[in-house]
Amino acid sequence: MMQLGNSQKYQENDTCVTSQDSDKGHIVVDEVDPEGKYVHLYNKSKTDQQIKNWELYLNLNNKKPIIYTFRNSLNLKAGETVKIWASRCGVNKHTSTDLVWKGQKPWGTGEQLLVSLYSCNGELEARKILEGRIIVNEVDTEGKYVRLTNKSNKNKPLGGWELHLQINNRKPSMFKSFYSFILKAGETVTIWASGCNGNHNPSTDLVWNDQTPCGTGKLLVSLYSCNGEV
Numbered sequence: 001m002m003q004l005g006n007s008q009k010y011q012e013n014d015t016c017v018t019s020q021d022s023d024k025g026h027i028v029v030d031e032v033d034p035e036g037k038y039v040h041l042y043n044k045s046k047t048d049q050q051i052k053n054w055e056l057y058l059n060l061n062n063k064k065p066i067i068y069t070f071r072n073s074l075n076l077k078a079g080e081t082v083k084i085w086a087s088r089c090g091v092n093k094h095t096s097t098d099l100v101w102k103g104q105k106p107w108g109t110g111e112q113l114l115v116s117l118y119s120c121n122g123e124l125e126a127r128k129i130l131e132g133r134i135i136v137n138e139v140d141t142e143g144k145y146v147r148l149t150n151k152s153n154k155n156k157p158l159g160g161w162e163l164h165l166q167i168n169n170r171k172p173s174m175f176k177s178f179y180s181f182i183l184k185a186g187e188t189v190t191i192w193a194s195g196c197n198g199n200h201n202p203s204t205d206l207v208w209n210d211q212t213p214c215g216t217g218k219l220l221v222s223l224y225s226c227n228g229e230v
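Note that UniProt numbering gives residue 126 to position 126 of the sequence shown, counting from 1, and the numbers run on in steps of one.
Written as structure tokens, this is what we have:
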């Protein structure tokens, strides 16, 4: 999802990632950095949680997991968060809100990332599954086109996906004509409004028939998978 105002630029790190969450206990995997720099945990309960000797498992592309163990006593207070950072990612020492995973490089991106949090008793507390990585790479400031990029390492069928454009909080316009389109790994597709010099070339360009340029204003761009997830 991406928001743009009259004087705002798009942010490339606004990604569309399909995720599945399974929260068993009080601590949830709230966020995972798409570049593999950190994992963000949140205590959703009304009581403080002691997470010493808990373990965080990261499985990238079904490979052997890398494991972070909470060695020191950490009392995650009710309603508060903590980030576990890979080394050399801007955080150099432990604080009450940030922990450094020493010796662990950023795990990067992949086709699938499974994040699991286990208590000191070996019980699964939380799990997050992230699959794929299609990003809204660029939005024309005059509303003539939207560019999507596949940053994963596999081709992505976009059949059943929907692109929604909402300007100035009005009812969104919806592009549903991906059909059997496949966005290849590392490649980009441009969705053009009608009459904007875009030629229908299914490998690189798609034309949004009867859609006029949305112009300028506060624009919200959302990309939904075939499962209806943003």
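Heads up, the beta-carbon is just placed ideally off N, CA and C, and yes, glycines get one too. On a predicted model such as this, the values are computed, not experimentally measured, just so you know.
Exercise. Thinking Asn-85 and Lys-37 are a contact (beta carbons under 8 angstroms), I'd like their distance in whole angstroms, please.
Key: Taking the first residue of the sequence shown as 1, we reach residue 85 at position 85. Taking the first residue of the sequence shown as 1, we reach residue 37 at position 37. The sequence given here places Trp at residue 85; Asn does not occur at that position. Right, their Cβ atoms sit about 7 angstroms apart.
Self-check item: Buried or exposed (CB count within 10 angstroms, at least 16 for buried), Lys-9
Solution: The residue labelled residue 9 in the question sits at position 9 within the sequence shown. No answer about Lys-9 holds up, because its pLDDT of 34 lies below 50 and its placement is not dependable.
Practice problem: Keeping to the same chain, check which residues put their C-beta closer than 7 angstroms to that of Lys-77; ignore five residues upstream and five downstream. | Solution: Counted from its first residue, the sequence shown places residue 77 at position 77. If we look at Lys-77 and ignore the five residues flanking it on each side, its Cβ neighbours are Asn-43 and Asp-48.
Quiz item: Closest by CA to Phe-178, which one among Asn-199, Asp-140 and Ser-225?
Solution: As a working note, residue 178 is residue 178 in the sequence shown. Here the closest residue by C-alpha is Ser-225.
Exercise. Have a look at Glu-142, Glu-31, Leu-114 and Arg-88 and flag the residue whose alpha-carbon is nearest the alpha-carbon of Glu-131.
Key: Numbered from 1 along the sequence shown, position 131 holds the residue referred to as residue 131. Nearest of Glu-142, Glu-31, Leu-114 and Arg-88 to Glu-131, Cα basis: Leu-114.
Quiz item: Taking DSSP as the reference, what is the three-state secondary structure of Val-91?
Solution: Indexing the sequence shown from 1 puts residue 91 at position 91. In this structure, Val-91 counts as coil in the three-state DSSP scheme.
Quiz item: Rounded to the nearest angstrom, how far is the Cβ of Asp-205 from that of Thr-190, given a contact under 8 angstroms?
Solution: Reading the sequence shown from its first residue, position 205 is the one you call residue 205. Reading the sequence shown from its first residue, position 190 is the one you call residue 190. The pair is a contact, with the Cβ atoms about 5 angstroms apart (cut-off 8 angstroms).
Quiz item: Helix or strand or just coil, what does DSSP make of Tyr-145?
Solution: Counted from its first residue, the sequence shown places residue 145 at position 145. Strand.
Quiz item: Mapping DSSP to helix, strand and coil, what is Ser-180?
Solution: The sequence position of residue 180 within the sequence shown is 180, counting from 1. In this structure, Ser-180 counts as coil in the three-state DSSP scheme.
Practice problem: Could you pull out every residue in the same chain whose Cβ sits closer than 6 angstroms to the Cβ of Lys-57, ignoring the five residues on either side in sequence? | Solution: Within the sequence shown, the letter at position 57 stands for residue 57. According to the sequence shown, residue 57 is Tyr rather than Lys. For Tyr-57, where only same-chain residues beyond five positions count, the Cβ hits under 6 angstroms are Pro-65, Ile-67 and Ser-116.
Quiz prompt | Cross-strand partners of Ala-86 (DSSP beta bridge) | solution = Your numbering for residue 86 matches position 86 in the sequence shown. Ala-86 is bridged to Trp-101.
Quiz prompt | Given Asp-33 as reference, the closest of Pro-202, Trp-54, His-26 and Lys-128 once Cα atoms are compared | solution = As a position in the sequence shown, residue 33 is number 33, starting the count at 1. Among Pro-202, Trp-54, His-26 and Lys-128, the Cα nearest to that of Asp-33 belongs to Lys-128.
Practice problem: Compare the C-alpha of Asn-75 against each of Cys-89, Glu-125, Lys-52 and Asn-59 and name the closest. | Solution: Taking the sequence shown and counting its residues from 1, one reaches residue 75 at position 75. Nearest of Cys-89, Glu-125, Lys-52 and Asn-59 to Asn-75, Cα basis: Lys-52.
Exercise. Taking the CB atoms as reference points, tell me whether Leu-148 and Asn-155 lie closer together than 8 angstroms.
Key: Start at 1 with the first residue of the sequence shown, and residue 148 comes out as number 148. Start at 1 with the first residue of the sequence shown, and residue 155 comes out as number 155. Result no, Cβ atoms of Leu-148 and Asn-155 do not sit closer than 8 angstroms.
Exercise. Report buried or exposed for Cys-214, applying the criterion of at least 16 other Cβ atoms within 10 angstroms of its Cβ.
Key: Here the question's residue 214 lines up with position 214 in the sequence shown. With 16 or more other Cβ atoms within 10 Å, it is buried.
Quiz item: What number of angstroms, rounded off, separates the C-alpha of residue 240 from the C-alpha of Val-28?
Solution: No answer is possible for residue 240: the residues shown for the chain start at 1 and end at 230.
Practice problem: State the Cα-Cα distance for the pair Glu-31 and Thr-81, rounded to the nearest angstrom. | Solution: Walking along the sequence shown from the start, residue 31 turns up at place 31. Walking along the sequence shown from the start, residue 81 turns up at place 81. Taking the straight line from one Cα to the other gives about 10 angstroms.
Quiz item: If you draw a straight line from the alpha carbon of Asn-72 to that of Asn-61, how long is it in whole angstroms?
Solution: Translated into the one-based positions of the sequence shown, residue 72 becomes position 72. Translated into the one-based positions of the sequence shown, residue 61 becomes position 61. In a straight line, the C-alpha of Asn-72 is about 30 angstroms away from that of Asn-61.
Quiz item: Using a Cβ-Cβ cut-off of 7 angstroms (strictly less than) and excluding sequence neighbours within five positions of Asn-92, which residues of its own chain qualify?
Solution: Translated into positions along the sequence shown, residue 92 becomes position 92. Around Asn-92: Val-100.
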